[in-house]
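Chemist: Residue 360 is where the sequence shown starts when you use this note's numbering, and the numbers rise one by one after that.
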Amino acid sequence: MMKELKTKLILVGRQFWIAAVLFALAGCGGGTSGTGDLPVTRFMGIVSDSNGEGVGEAQLTIDETGDTAFSSADGSFVLEARLKGSSANLVVSSDMIEQTVRIQDLPDVDADVNLELRVDSINQVITVQSIHVEILSGDRDPGESESDQDDHNSPQVPISATPPVEEERPEIGDSESERIRTIYRGQLIDQNNRGVPHALIRHLEANKSVRTDQYGNFSFVTQSYGGTVTIDISYLKYSGTVHIYGTPSNQSALITLALRIKGLAVITPIGDDKGGYPAEDQREEVSFELQDVKIRLSR
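See below:
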């Protein structure tokens, strides 16, 4: 049995019932995620374009925990996280655009957060079309499927049910140079080819930072910085830098990185699939290296 929860949506100073905060990502960090008795929050929904068609391969990441999922070909996604607080930053990346949906007033019990996200490639923004939060009672009958239980849910309340308010959008420069962006994606692995969780990846020139998810994956967007780019990597007490040469300065691009920590093996505590700490037999000499880099220019 589920109960619908009302929260509050704040978009550029305007208030709606049901909600979240949408803002352009200016830099983000992350943190270790909670485990154990923390409630499970399931973020689910669809990502579509301006024509209503599903958008596949959109990346969705919970900033606080590093949990990541990608939308399927029809735009649908499901992402679970265990949150310590009552809010979450959902980072959405698609079509050379990255923005964050801040969802507030989450319950301290298991809940579903249903979202409809719209990617506007022309205006370079991602908007929230609707959002609602449902509390899960935890009393699902044995053998009852999720779809069967959905038949008993209370009606869902979309944003469109509230009084119409003209939505303000972040201002975007008119010049072509201000629309040029670079997406960085990659993975950080240890000496045993395992993903390194919760490492801090920072673009020094842009002063942009993110944390890797539990598989070592990361993604962020910056303005274009032509020439040499410096990536700083920090994990536990270790840190180092790698350099990317020949990045484009006058065209949007996707830069894919393969990073490795040499001399360090990461193991995961039993019962904790989000954390990570070094193995006891690690070598003291630890270094970071860029194994591979691929630069793909946007059309």
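Just so you know, even glycine gets a beta-carbon here, dropped at the ideal spot from N, CA and C.
(1) Going by alpha carbons, who is nearest to V580 out of I539, D408, N609?
(2) Hey, could you find the ends of the beta strand (DSSP E) H562 is sitting in?
(3) Leaving out five residues before and five after K653 in sequence, what residues of the same chain have Cβ atoms less than 6 Å from its Cβ?
(4) May I ask you to report which of helix, strand or coil DSSP gives E412?
(5) For L419, count neighbouring Cβ atoms within 10 angstroms of its own Cβ and tell me buried if that reaches 16, exposed if not.
(6) For R528, which residues of its own chain have a beta-carbon under 7 Å away from its beta-carbon, when the five flanking residues on both sides are left out?
(7) Beta strand (DSSP E) containing Y604: first to last residue?
(8) Suppose you measure from the CA of S446 to the CA of Y597; what does that come to, to the nearest Å?
(9) Does the count of Cβ pairs from the stretch 402-420 and the stretch 472-479 closer than 8 Å reach three?
(10) Quick one: residues in its chain with C-beta nearer than 6 Å to the C-beta of V306, no 5 flanking neighbours on either side, listed in chain order?
(11) Tell me, to the nearest whole angstrom, how far the beta carbon of D422 is from that of L438; I am working on the premise that it is less than 8 Å.
(12) Check each candidate in G586, E416, V625, L613 and name the one with the smallest Cα separation from Y604.
(13) Indicate whether G444 and E412 have their beta-carbon atoms separated by less than 9 Å.
(14) How far does the beta strand (DSSP E) with R553 in it extend, from its first residue to its last?
(15) Under DSSP, the beta strand (DSSP E) around S435 begins and ends at which residues?
(16) What span of residues does the beta strand (DSSP E) with A447 cover, start to end?
(17) Secondary structure at L419, three-state DSSP: helix, strand or coil?
(18) Could you tell me the distance, in whole angstroms, from the CA atom of R461 to the CA atom of V451?
(19) Using a 10 Å radius around the Cβ and a threshold of 16 neighbouring Cβ atoms, would you call E648 buried or exposed?
(20) Thinking just about the alpha-carbon of each residue, which of E564, T571, I590 is nearest to the one in A428?
(21) For S480, which of A617, P398, H562, S453 has the nearest alpha-carbon?
(22) Taking 9 Å as the threshold (beta carbon to beta carbon), is K653 in contact with chain C?
(23) Quick one: residues in its chain with C-beta nearer than 6 Å to the C-beta of P436, no 5 flanking neighbours on either side, listed in chain order?
(24) Look at the alpha carbon of L397 and the alpha carbon of T600, and state the distance between them as a whole number of angstroms.
(25) How is G545 classed by DSSP in three states: helix, strand or coil?
(26) If you compare alpha carbons, which of D464, P466, Y584, I592 is closest to I300?
(27) Are Q550 and N576 closer than 9 Å when you measure CB to CB?
(28) In angstroms, rounded to a whole number, what distance separates the CA positions of A612 and A565?
(29) Apply the 10 Å Cβ neighbour rule to R655 and answer buried if 16 or more other Cβ atoms are within range, or exposed otherwise.
(30) Tell me, to the nearest whole angstrom, how far the beta carbon of M455 is from that of I560; I am working on the premise that it is less than 8 Å.
(31) What is the DSSP secondary structure of A565, counted as helix, strand or coil?
Modeler: On the basis of the data shown:
(1) On the sequence shown, residue 580 is found 221 positions in, with the first residue counted as 1. The shortest Cα separation from V580 among I539, D408, N609 belongs to I539.
(2) The residue labelled residue 562 in the question sits at position 203 within the sequence shown. Per DSSP, H562 belongs to the beta strand (DSSP E) from 559-562.
(3) The count along the sequence shown starts at 1 and reaches residue 653 at position 294. For K653, where only same-chain residues beyond five positions count, the Cβ hits under 6 Å are T615.
(4) Reading the sequence shown from its first residue, position 53 is the one you call residue 412. E412: coil per DSSP, three-state reduction.
(5) Position 60 of the sequence shown, counted from the first residue, corresponds to residue 419. Burial is judged here by how many other beta carbons sit within 10 angstroms of a residue's own beta carbon; L419 has at least 16 and is buried.
(6) Residue mapping note: residue 528 aligns to position 169 of the sequence shown, counting from 1. Only weak support is given to the placement of R528: the predicted model assigns it a pLDDT of 37, under 50, and the value that follows is read from those uncertain coordinates. Hits under 7 Å: N482, V484.
(7) As a first step, residue 604 is located in the sequence shown; it is residue number 245 there, counting from the start. Taken as a continuous stretch (DSSP letters only), the beta strand (DSSP E) holding Y604 covers 597-606.
(8) Taking the first residue of the sequence shown as position 1, residue 446 is located at position 87. Taking the first residue of the sequence shown as position 1, residue 597 is located at position 238. Distance between the alpha carbons of S446 and Y597: 30 Å.
(9) Flag = yes, the stretch 402-420 and the stretch 472-479 touch.
(10) Because the chain in this structure spans residues 360 to 658, residue 306 falls outside the shown range and cannot be described.
(11) For the purposes of this step, residue 422 is identified with residue 63 of the sequence shown, where counting begins at 1. For the purposes of this step, residue 438 is identified with residue 79 of the sequence shown, where counting begins at 1. Not really, about 12 Å apart at Cβ, beyond 8 Å.
(12) Within the sequence shown, the letter at position 245 stands for residue 604. Nearest of G586, E416, V625, L613 to Y604, Cα basis: G586.
(13) Sequence index remark: in the sequence shown, residue 444 carries index 85 (1-based). Sequence index remark: in the sequence shown, residue 412 carries index 53 (1-based). No. Outside cutoff.
(14) As a first step, residue 553 must be located in the sequence shown, where it is residue number 194. Careful: R553 lies outside any beta strand (DSSP E) and carries neither H nor E.
(15) The residue labelled residue 435 in the question sits at position 76 within the sequence shown. S435 -> beta strand (DSSP E) spans 435-441.
(16) Counting from 1 along the sequence shown, the entry for residue 447 is found at position 88. It spans 447-453 - the beta strand (DSSP E) in which A447 sits, taken as one unbroken run.
(17) The residue labelled residue 419 in the question sits at position 60 within the sequence shown. Correct three-state label for L419: strand.
(18) Reading the sequence shown from its first residue, position 102 is the one you call residue 461. Reading the sequence shown from its first residue, position 92 is the one you call residue 451. Approximately 11 Å between the Cα atoms of the pair.
(19) Taking the sequence shown and counting its residues from 1, one reaches residue 648 at position 289. The Cβ neighbour count for E648, taken over all protein chains shown within 10 Å, is under 16; the residue is labelled exposed.
(20) Taking the sequence shown and counting its residues from 1, one reaches residue 428 at position 69. Of the listed residues, the one whose Cα sits closest to A428 is T571.
(21) On the sequence shown, residue 480 is found 121 positions in, with the first residue counted as 1. Just measuring C-alpha positions, the residue of A617, P398, H562, S453 sitting nearest S480 is S453.
(22) In the structure shown, chain C does not exist; there is a single protein chain.
(23) By 1-based counting over the sequence shown, the position of residue 436 is 77. Before going on, a small fix: residue 436 reads as Phe here, not Pro. If we look at F436 and ignore the five residues flanking it on each side, its Cβ neighbours are L419, A428, S430.
(24) Taking the sequence shown and counting its residues from 1, the one referred to as residue 397 is at position 38. Taking the sequence shown and counting its residues from 1, the one referred to as residue 600 is at position 241. Taking the Cα positions, L397 is about 35 Å away from T600.
(25) Here the question's residue 545 lines up with position 186 in the sequence shown. The answer is strand: DSSP assigns G545 an E or B state.
(26) Residue coverage of the chain in this structure runs from 360 to 658, which leaves residue 300 outside it and unanswerable.
(27) Along the sequence shown, read from residue 1 onward, the residue named residue 550 stands at position 191. Along the sequence shown, read from residue 1 onward, the residue named residue 576 stands at position 217. Taking 9 Å as the Cβ cut-off, Q550 and N576 do not qualify as a contacting pair.
(28) Translated into the one-based positions of the sequence shown, residue 612 becomes position 253. Translated into the one-based positions of the sequence shown, residue 565 becomes position 206. Roughly 15 Å separates the two Cα atoms.
(29) Stepping through the sequence shown from its first residue, residue 655 is reached at position 296. That one is exposed.
(30) Along the sequence shown, one-based indexing puts residue 455 at 96. Along the sequence shown, one-based indexing puts residue 560 at 201. At roughly 19 Å, the Cβ-Cβ gap does not stay under 8 Å, so M455 and I560 are not in contact.
(31) As a working note, residue 565 is residue 206 in the sequence shown. Correct three-state label for A565: coil.
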